[in-house]
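Engineer:
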Amino acid sequence: LIKYLDNSNVLITGAAGSIGSELVLQVIKTNAKKIICLDINETELFRLKNNLLFDKRVNFVLCDINDSENLKKILIKNKINQIFHAAAFKHVEMLENNLAAAIQNNIVGTLSLIKSLNNNVKNLIFFSTDKAAKPINILGITKRFSELMCLYFAKKIATNFTIVRFGNVFGSRGSAIEIF
Numbered sequence: 007l008i009k010y011l012d013n014s015n016v017l018i019t020g021a022a023g024s025i026g027s028e029l030v031l032q033v034i035k036t037n038a039k040k041i042i043c044l045d046i047n048e049t050e051l052f053r054l055k056n057n058l059l060f061d062k063r064v065n066f067v068l069c070d071i072n073d074s075e076n077l078k079k080i081l082i083k084n085k086i087n088q089i090f091h092a093a094a095f096k097h098v099e100m101l102e103n104n105l106a107a108a109i110q111n112n113i114v115g116t117l118s119l120i121k122s123l124n125n126n127v128k129n130l131i132f133f134s135t136d137k138a139a140k141p142i143n144i145l146g147i148t149k150r151f152s153e154l155m156c157l158y159f160a161k162k163i164a165t166n167f168t169i170v171r172f173g174n175v176f177g178s179r180g181s182a183i184e185i186f
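Positions in the sequence shown are counted from 1; adding 6 to them yields my numbering.
(1) Distance, Cα to Cα, residue 149 vs residue 102?
(2) Are the CB atoms of residue 94 and residue 112 nearer to each other than 7 angstroms?
(3) Is the beta carbon of residue 74 less than 7 angstroms from the beta carbon of residue 152?
(4) Mapping DSSP to helix, strand and coil, what is residue 19?
(5) In whole angstroms, give me the CA-to-CA distance for residue 170 and residue 132.
(6) Return the CA-CA distance between residue 79 and residue 98, expressed in angstroms with no decimal places.
(7) What number of angstroms, rounded off, separates the C-alpha of residue 17 from the C-alpha of residue 142?
(8) With DSSP run on the structure shown, which of helix, strand or coil describes residue 43?
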């Protein structure tokens, strides 16, 4: 990770979430030039900012992942080279009861980010779920659809796409371990 991010400008979507905030902590340890922490959750983004030691490389941006015009401006202004895309709704039961929100955030939001990419962005790492392997719920379906979009656009644009599937992440909000 240290060599991968050396002298890069990094965007972390979903930066205030449990996975995104851990990414922020790891990226701060690298020689990244600039780190943009993007999230729609104002309170959690504020908490993340207050929990970090002062680091002038880190900026906190309140933005909806569905706002592709604002995302384009953020990518251009900050000359983003590397993106960690962790922004997503991830709670199975909640998503089963809110299908439109799941589709809007997880699929349309990912497409919005992809549409905002420019030639500066070398790599986009998409965080998915093990539930995308054989999707039987809306979380798995939306994440699998987003994976397929990444695979499709990987053949069409210059950005390198990487898909990472996580299983149950210990300590993350909504983890089955925490619930049970």
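From the three backbone atoms N, C-alpha and C, an ideal C-beta is built for every residue, glycine too.
Structural biologist: Well, looking at it:
(1) Spanning the two alpha carbons is a distance of roughly 14 angstroms.
(2) For residue 94 and residue 112, yes; Cβs fall inside 7 angstroms.
(3) No. Outside cutoff.
(4) Strand, per DSSP.
(5) Their backbone Cα atoms lie some 6 angstroms apart in a straight line.
(6) Rounded to whole angstroms, the gap between the alpha carbons of residue 79 and residue 98 is 32 angstroms.
(7) The alpha-carbon atoms of residue 17 and residue 142 are separated by roughly 31 angstroms.
(8) Shown here, residue 43 sits in a strand according to DSSP, grouped into three states.
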